[in-house]
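These notes concern the structure reproduced below.
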Amino acid sequence: MPISPSRGEIRERYLKVDTSNVADVLDDLGLPDRGLSPDFAPMPAGAGKLAGFAFTIRGQMTPFAPGGDPEKMKACAELSSEDIAVWSGDGEGVCYFGELIAIGMKERGAAGALVDGGVRDLKWIGELGFPVFARYRAPVQSIMRWKVNAWRVPVFLRGATIERVKVEPGDFILADEDGAIAIPAAKVIEVLIAAEKLTAKEVAIREELKKGLSLAEALDRYGHV
Numbered sequence: 013m014p015i016s017p018s019r020g021e022i023r024e025r026y027l028k029v030d031t032s033n034v035a036d037v038l039d040d041l042g043l044p045d046r047g048l049s050p051d052f053a054p055m056p057a058g059a060g061k062l063a064g065f066a067f068t069i070r071g072q073m074t075p076f077a078p079g080g081d082p083e084k085m086k087a088c089a090e091l092s093s094e095d096i097a098v099w100s101g102d103g104e105g106v107c108y109f110g111e112l113i114a115i116g117m118k119e120r121g122a123a124g125a126l127v128d129g130g131v132r133d134l135k136w137i138g139e140l141g142f143p144v145f146a147r148y149r150a151p152v153q154s155i156m157r158w159k160v161n162a163w164r165v166p167v168f169l170r171g172a173t174i175e176r177v178k179v180e181p182g183d184f185i186l187a188d189e190d191g192a193i194a195i196p197a198a199k200v201i202e203v204l205i206a207a208e209k210l211t212a213k214e215v216a217i218r219e220e221l222k223k224g225l226s227l228a229e230a231l232d233r234y235g236h237v
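Okay, here's the thing in structure tokens:
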């Protein structure tokens, strides 16, 4: 009986494939609407690739007295290795976290964060080496405005081809220069294997083109990619 790869092995292999190839594979599998909004971008620019298993954190705009957000701290304390903290909520205009929360997530072993909202302290997050993709940056703190109300629950993130993409705990998140995508947990291995094959095909085509083969000849030999 074949041994299933560990979470760490899966993550390392996904880091070697592109979101574009994963998106093509998902199309082939009949899962065409897993791409996330094109507004998601690395914060700061060049923050690095995002790959890991979704640990969802949900919040909402809720006026509250000055002080910390204990639920946010509890949620972050449950993060572990290979997790991507996936933040969702309706807090438009405010940041969901900054440098200190990013430090805490990294200390827990998290592999990065995907934020359907805002972040701040980009200079310091960049120096931390903790990859973050978010929809916007904002200096306005969440304290007194936005608070966490649940974690490890299904969330709905802004999508690329549909209004919202359902992301569940354990789904796989991949984000790079082309954008961000969510792979259903049940399809993580199947998508990975297919994306690796597609990547190998593209590498072969590039090599053939460098040797002088025309694009038409290469596609005739290797098929559409």
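Using our numbering, read the sequence shown as starting at 13 and increasing by one per residue. Glycine residues also receive a C-beta, built at the ideal position from the N, C-alpha and C atoms.
Beta bridge counterpart(s) of residue i as assigned by DSSP
i	result
Y240	In the structure as shown, the chain starts at 13 and stops at 237, and residue 240 therefore has no counterpart that could be examined.
A187	L62 and A192
G124	I96
G101	G71
F168	K178
Alpha helix (DSSP H) segment containing residue i, residue limits
i	result
K159	Note, K159: premise wrong, no alpha helix (DSSP H); beta strand (DSSP E) at W158 to W163.
S204	Note that residue 204 is Leu in the sequence shown here, rather than Ser. L204 -> alpha helix (DSSP H) spans V200 to K222.
I174	Segment: none, I174 is in no alpha helix (DSSP H) and carries neither H nor E.
Residue range of the beta strand (DSSP E) that includes residue i
i	result
L225	Looking at the DSSP string, L225 is not in any beta strand (DSSP E), and its letter there is neither H nor E.
F109	C107 to F109
Pairwise C-alpha distance: residue j and residue i
i	j	result
E124	A59	According to the sequence shown, residue 124 is Gly rather than Glu. Taking the straight line joining both Cα atoms gives about 10 Å.
A146	F109	11 Å
R70	V37	29 Å
K178	K223	44 Å
G20	L225	38 Å
Open item on the list: Taking contact to mean 3 or more Cβ pairs, one atom from each stretch, closer than 8 Å, check whether the stretch 140-156 and the stretch 115-127 are in contact.
Closed with: Counting C-beta pairs with one atom in each stretch, the stretch 140-156 and the stretch 115-127 have three or more that are closer than 8 Å, which means they touch.
Task: Whole beta strand (DSSP E) elements within the stretch 14-95, 3-residue minimum - done: Listed in chain order, the complete beta strand (DSSP E) runs (minimum 3 residues) inside the stretch 14-95 are 62-73.
Open item on the list: Below 8 Å, how does it come out for the stretch 172-182 and the stretch 193-201: are there three or more Cβ pairs, yes or no?
Closed with: yes
Open item on the list: For the stretch 50-59 against the stretch 72-84, do three or more pairs of beta-carbon atoms, one drawn from each stretch, fall closer than 8 Å, so that the two count as touching?
Closed with: The answer is no - the stretch 72-84 does not touch the stretch 50-59, with fewer than three Cβ pairs under 8 Å.
Open item on the list: I want to know whether the stretch 144-164 touches the stretch 95-108 - three or more CB-CB distances under 8 Å.
Closed with: yes
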